[in-house]
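Written out below as structure tokens is the structure these notes cover.
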Amino acid sequence: MRRNRLFWGSLVLLAGIILLMDTMGILPRGINGWQIIWPLALILAGFYFLLGPTLLKQDLTVDRVEIPLEGAQDVEIRMDYGAGYFHMSALEMPGTLLEGSFAGGLEHQMERRGPTAFLRMRPKITDVFDWPHWGGERGMEWNFAVSRDAVYHLIYNGGASESVFDLTDLQVRDLEIHTGASKTEVSLPSRVPLCRVSVEHGAAAVTLRVPADVAARVTVEGAAMGTNINTARFLQSGNVYQSPNYDSAEYRVEVSVKGGMGSIEVI
1 MRRNRLFWGS
11 LVLLAGIILL
21 MDTMGILPRG
31 INGWQIIWPL
41 ALILAGFYFL
51 LGPTLLKQDL
61 TVDRVEIPLE
71 GAQDVEIRMD
81 YGAGYFHMSA
91 LEMPGTLLEG
101 SFAGGLEHQM
111 ERRGPTAFLR
121 MRPKITDVFD
131 WPHWGGERGM
141 EWNFAVSRDA
151 VYHLIYNGGA
161 SESVFDLTDL
171 QVRDLEIHTG
181 ASKTEVSLPS
191 RVPLCRVSVE
201 HGAAAVTLRV
211 PADVAARVTV
221 EGAAMGTNIN
231 TARFLQSGNV
241 YQSPNYDSAE
251 YRVEVSVKGG
261 MGSIEVI
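Take the sequence shown: its position 15, counted from the start at 1, is 15 in full-length UniProt numbering, and no numbers get skipped.
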């Protein structure tokens, strides 16, 4: 909040000075004060974001969170994440749905309907001028694991982040990833009959790792997107890449990728 006041206070002060100079005729002839204010605001914002991490650095509080499983079998987890470092993996604590640490704090809501549970997670920091990168080199770091004993539908909305999903030992039926300018690595499930994966990204680098015993079909849409897909393993037909044994495989992943100026790698 202090940083927020510093930014807006500086902007209003400089705008007032420029308008006063305009009124007093101090500005060069032909230059309107309003013409200066908006470029100045962008310059100030740029300096603010560049120098803020150094000049206004502070330690973020870290929430330790543990959520009991309580008989949940099908779980939908929506993760609205910002900027920083994100790591998700499998948990080996019986009876626990989720356990982990969340720098910057975590807000979460849990709804249970019999064996079905809905969990929404988001950072406590929501102010654009309280960017989590200012809490340290890795910014707003989420490092958590979820139970192996439930079946998941995962929805991830990320910003400028580095995200690692180790889903190898998890039962993920559906995975949706929406991300911007980021680096995202996903190790896909190794023992799920069919896992559906949807990836939508902007200027991002996305890597999908398909386990050795899993067949995959990957559909890529995005003319400006760079692709690096193992065509020795996934045979190409137009914009579709598929394992030769896809239709008969015991474990499969079906992947849809829509991207902008980013890249997709499937190995």
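No residue lacks a Cβ here, since even glycine has one placed at the ideal position from N, Cα and C.
Among the options, the one whose alpha carbon lies nearest that of residue i
i, options, result
"A103", "G71, P28, T61 and S89", "T61"
"M121", "T231, Y81, P28 and V192", "Y81"
"V220", "A212, D213, F234 and L27", "F234"
"P189", "V65, V206, T168 and E176", "T168"
"L69", "G84, G238 and E99", "E99"
"residue 268", "S182, S237, V255 and Q236", "Here the chain covers residues 1 to 267 and nothing more, so residue 268 does not appear."
"A150", "S101, G180, M93 and G238", "M93"
"H178", "I17, L27, E76 and V257", "V257"
"V65", "Q109, G158 and A160", "Q109"
"G260", "G84, S182, R78 and E250", "S182"
"V210", "L119, V192, S187 and I17", "S187"
"E200", "Y152, S237 and G262", "G262"
"Y241", "Y251, L119, V266 and P193", "V266"
C-alpha gap between residue i and residue j, whole angstroms
i, j, result
"A90", "D166", "7 Å"
"N230", "L14", "55 Å"
"T184", "M24", "54 Å"
"V206", "S248", "27 Å"
"W142", "I77", "14 Å"
For residue j and residue i, believed in contact at Cβ under 8 Å, the rounded distance
i, j, result
"residue 272", "R148", "Residue numbering for the chain in the displayed model covers 1 to 267; residue 272 lies beyond these limits and cannot be assessed."
"L112", "A72", "Note on identity: in this sequence residue 112 is Arg, with Leu being the wrong assignment. Sure, about 7 Å apart at Cβ, within 8 Å."
"Y152", "V75", "5 Å"
Per DSSP, the bridge partner or partners of residue i
i, result
"N228", "E265"
"L194", "R252"
"M79", "M121 and Y156"
"V172", "Y152"
"T219", "V240 and S256"
"V29", "Position check: residue 29 holds Arg in this sequence, whereas Val was assumed. For R29, which the question treats as bridged, DSSP gives no partner whatsoever."
"I177", "Y156 and V199"
"D22", "BP columns for D22 are empty, so no partner."
Span of the beta strand (DSSP E), counted from its first residue to its last, around residue i
i, result
"L154", "V151 to G158"
"E254", "R252 to G259"
"F144", "M140 to S147"
"M88", "G84 to L91"
"Y241", "V240 to Q242"
"K183", "K183 to S187"
"L106", "L106 to R113"
"V164", "S161 to D166"
"P68", "V62 to P68"
"Q236", "L235 to S237"
"A205", "A205 to R209"
"A103", "T96 to A103"
Chain B contact for residue i (CB, 7 Å cutoff)
i, result
"V220", "Although the question refers to chain B, the structure presented lacks it and comprises just one protein chain."
Residue i beta carbon near the ligand FMN (any heavy atom closer than 6 Å)
i, result
"I229", "Absence of the ligand FMN is noted for the structure shown, with no ligands found whatsoever."
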